[in-house]
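Engineer: Using our numbering, the first residue of the sequence shown is number 61, and each one after it goes up by one.
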Amino acid sequence: MSVKRRIFRCIAAGAAFASSILAGAYSQGISTLRDAEIEDFLDDYSQPIFRAAGLPENSIKIIIVNDQTFNAFAGGRYMGVNSGLLTIAETPNQVEAVIAHEAGHLAGGHTARSDEMIAQATRPMLLGLVLAAGAIAAGAPDIGIGVLGLGQNIGTANLLRYSRGQESAADQASITFLDEIGHSSKGALELWRKMRNSQIIRGDQINPYFQSHPLANQRLTALQSRAEASPYFNETDSPEEIARFRLIQAKIRGFLTDPNAVLRRYPLSDQSDPAHYARTVAYYRNSEIEKALSEIRTLTDLYPDNPYFHELEGQILFEYGRVDEAITPHSRAVELASDKALLRINLARALLASQEPSNRQQSIVELKRALLLEPDNSFGWFELARAYSASGDEAMANLATAESKYHAGAAPDAIAFARRAMAGLDRNSREWRQAADIIVAATPGDQKPVLAPGTDTNEQPGLPPDAPENGEKGEQDVPDPTLTIIDSL
Ligand SMILES: [Zn+2]
């Protein structure tokens, strides 16, 4: 248990929740996003590629970075995809090309050329780089990305580079993987050309990587000859795949760009599904709730089996205080996509906010189901603590808070709440054991206590000292910076 905890900790560190798009903001202005629909899309396209690449099932976690520039990176067990990649790419096949390239680095076990990085970097740059790589290696990708944000202003994209040979190898590997699943590598060629043309014709600064990379033409030529030789070169995305992608693009634009710009891009004369979707979000963000509801209900009427349309309707109602009305669409979303933890958390929040006592119990049930799906979801544990507290069960509330703190990387607080929970729990219960596990896992290696049922934790000599009531965020492991690299395409 404790090993697993340490491996999976911090994935949601510092995240703050907004029902549909979950953003974990950092002082550097970089944040990560959680959204069930976008994650589902990325999973559907990446899992076959990861299998073709021989990467173990579920071994790579995809993180969506709230950044409207075009970029992606990979390192350790993580692949990061900028939101901008999803709006700038024109087809799912282009997104696949990037995923396959990054999978090529991961499968190839590539490591960045630290000597070159050191030669190019000033000391502050290098510090940011090592911190970012190390934080990701330690299992705290949000923190890594946060630190990386510092570097992006000073040209990190140029620093975080694999060798030329590794870039070419990743290109070639990407074609192998896409061939294996019968998909075209044309998307990669289209992307390269698009980036190059926009630089030449308009002088765009789309991405420092594309601007400065001297190998663009050479790589394009090598890619092209192999891609065109593939029997799958002319395979294209189906109309259904394109339609799904357009909805995701509309959603991202709706949430991440200025609402008035969204309404100009998707004017009322546009009665397409993506336009309804984008306008829903734009109106919602402009507090024009009736308009937003009218737009989303056009979509739920047309597509009653799309869970994400119901989710958004529920979110709008919930955020504007109509919590009892929000329960029905959130329930429908859960029925339609029962394996999505985020949808269950949305439903649980609406249930908890309603005044009906029986809903409170149901909220606990939904949160437990969500946390079975995502045991490291700090926000889910936080909500579970609120639900237990509302039900008067302080011991279980303390246990859930301990889990929440633990998964947010706040080890001292996790220990403090786990101790409080143990005081109110039966010593032979599973929950007591769970609290003990948290204490062991949150304690630094050389101070680990030995806890067994029946032990008085307050007198256990091996236990670490009590954590402060309002402890600071737990210390991160000191990472080995050689473990991980981060790629910029
Ligand atoms: Zn690369």
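For glycine and all other residues, C-beta sits at the position ideal for the given N, C-alpha and C.
Given that a residue counts as buried once 16 or more other Cβ atoms are within 10 Å of its Cβ, and exposed if not, what is Asp365?
Structural biologist: Working through the sequence shown from its first residue, we reach residue 365 at position 305. With fewer than 16 other Cβ atoms within 10 Å, it is exposed.
Engineer: Measuring alpha carbon to alpha carbon, tell me which of Thr281, Ala483, Asn437 ends up nearest Glu463.
Structural biologist: Looking up residue 463 in the sequence shown gives position 403. The shortest C-alpha separation from Glu463 is found at Asn437.
Engineer: Suppose the cutoff is 7 Å on Cβ atoms and the five residues either side in sequence are ignored; what does the same chain contact list for Ser228 look like?
Structural biologist: Looking up residue 228 in the sequence shown gives position 168. Result list for Ser228: Arg279, Ala282, in chain order.
Engineer: Keeping to the same chain, check which residues put their C-beta closer than 6 Å to that of Ile241; ignore five residues upstream and five downstream.
Structural biologist: Position 181 of the sequence shown, counted from the first residue, corresponds to residue 241. Contacts found: Pro108, Ala112.
Engineer: Among the residues of its own chain, which have a CB less than 8 Å from the CB of Thr575, if the five just before and after it don't count?
Structural biologist: An answer regarding residue 575 cannot be provided, because it is not within the stretch 61 to 549 covered by the chain.
Engineer: With DSSP collapsed to three states, give me the class of Tyr344.
Structural biologist: Your numbering for residue 344 matches position 284 in the sequence shown. It is helical.
Engineer: Where does Tyr269 land, buried or exposed, given buried means 16+ other C-beta within 10 angstroms?
Structural biologist: Walking along the sequence shown from the start, residue 269 turns up at place 209. For Tyr269, the pLDDT reaches just 49, beneath the cut-off of 50, and the residue's location in the model is therefore unreliable, although a value from the coordinates is still provided. Burial call: buried.
Engineer: Go ahead and pull the three-state DSSP assignment for Gly144.
Structural biologist: Translated into the one-based positions of the sequence shown, residue 144 becomes position 84. DSSP places Gly144 in helix when its eight states are reduced to three.
Engineer: Quick one: which unbroken beta strand (DSSP E) runs of 3-plus residues sit fully inside the region 397-450? Chain order, please.
Structural biologist: Correct list: empty.
Engineer: Kindly give me the distance between the Cβ atoms of Ala447 and Ser414, rounded to whole angstroms, as I take these residues to be in contact under 8 Å.
Structural biologist: Within the sequence shown, numbered from 1, the residue matching residue 447 stands at position 387. Within the sequence shown, numbered from 1, the residue matching residue 414 stands at position 354. The Cβ separation is near 12 Å, so there is no contact.
Engineer: Rounded to a whole number of angstroms, what is the C-alpha to C-alpha distance between Phe442 and Ile159?
Structural biologist: Residue 442 sits at position 382 when you count from the first residue of the sequence shown. Residue 159 sits at position 99 when you count from the first residue of the sequence shown. C-alpha separation (whole angstroms): 33 Å.
Engineer: Just the C-alpha distance for Ile124 and Lys311, rounded to the nearest angstrom, thanks.
Structural biologist: As a working mapping, residue 124 is identified with position 64 in the sequence shown. As a working mapping, residue 311 is identified with position 251 in the sequence shown. Cα to Cα, Ile124 sits roughly 14 Å from Lys311.
Engineer: In three-state terms, what does DSSP make of Phe315?
Structural biologist: Reading the sequence shown from its first residue, position 255 is the one you call residue 315. Helix at Phe315.
Engineer: Whose CA, out of Gly136, Leu146, Glu117, lies closest to the CA of Asp127?
Structural biologist: Taking the first residue of the sequence shown as position 1, residue 127 is located at position 67. Nearest C-alpha to Asp127: Leu146.
Engineer: Going by DSSP, what residues sit across from Lys351 in a beta bridge?
Structural biologist: In the sequence shown, residue 351 corresponds to position 291, counting from 1. According to DSSP, Lys351 bridges with nothing at all.
Engineer: Taking a contact to mean a Cβ-Cβ separation below 8 Å, would you say Gly164 touches Ser234 in this structure?
Structural biologist: Taking the first residue of the sequence shown as position 1, residue 164 is located at position 104. Taking the first residue of the sequence shown as position 1, residue 234 is located at position 174. Yes, the pair counts as a contact, with Cβ atoms nearer than the cut-off.
Engineer: Answer yes or no: the CB of Glu227 versus the heavy atoms of ligand 2, is any distance below 7 Å?
Structural biologist: This structure simply doesn't include ligand 2; it includes ligand 1 instead.
Engineer: Examine ligand 1 and report whether any of its heavy atoms sits within less than 7 Å of the Cβ of His165.
Structural biologist: Numbered from 1 along the sequence shown, position 105 holds the residue referred to as residue 165. Yes, the Cβ of His165 comes within 7 Å of a heavy atom of ligand 1.
Engineer: What number of angstroms, rounded off, separates the C-alpha of Gly440 from the C-alpha of Gly144?
Structural biologist: Your numbering for residue 440 matches position 380 in the sequence shown. Your numbering for residue 144 matches position 84 in the sequence shown. Cα to Cα, the separation comes out at about 27 Å.
Engineer: Taking 8 Å as the threshold (C-beta atoms), are Pro334 and Leu307 in contact?
Structural biologist: Looking up residue 307 in the sequence shown gives position 247. Looking up residue 334 in the sequence shown gives position 274. Yes, the pair counts as a contact, with Cβ atoms nearer than the cut-off.
Engineer: If you check the beta carbons only, do Leu403 and Leu427 fall under 8 Å apart?
Structural biologist: Within the sequence shown, numbered from 1, the residue matching residue 403 stands at position 343. Within the sequence shown, numbered from 1, the residue matching residue 427 stands at position 367. Not a contact, by the Cβ cut-off of 8 Å.
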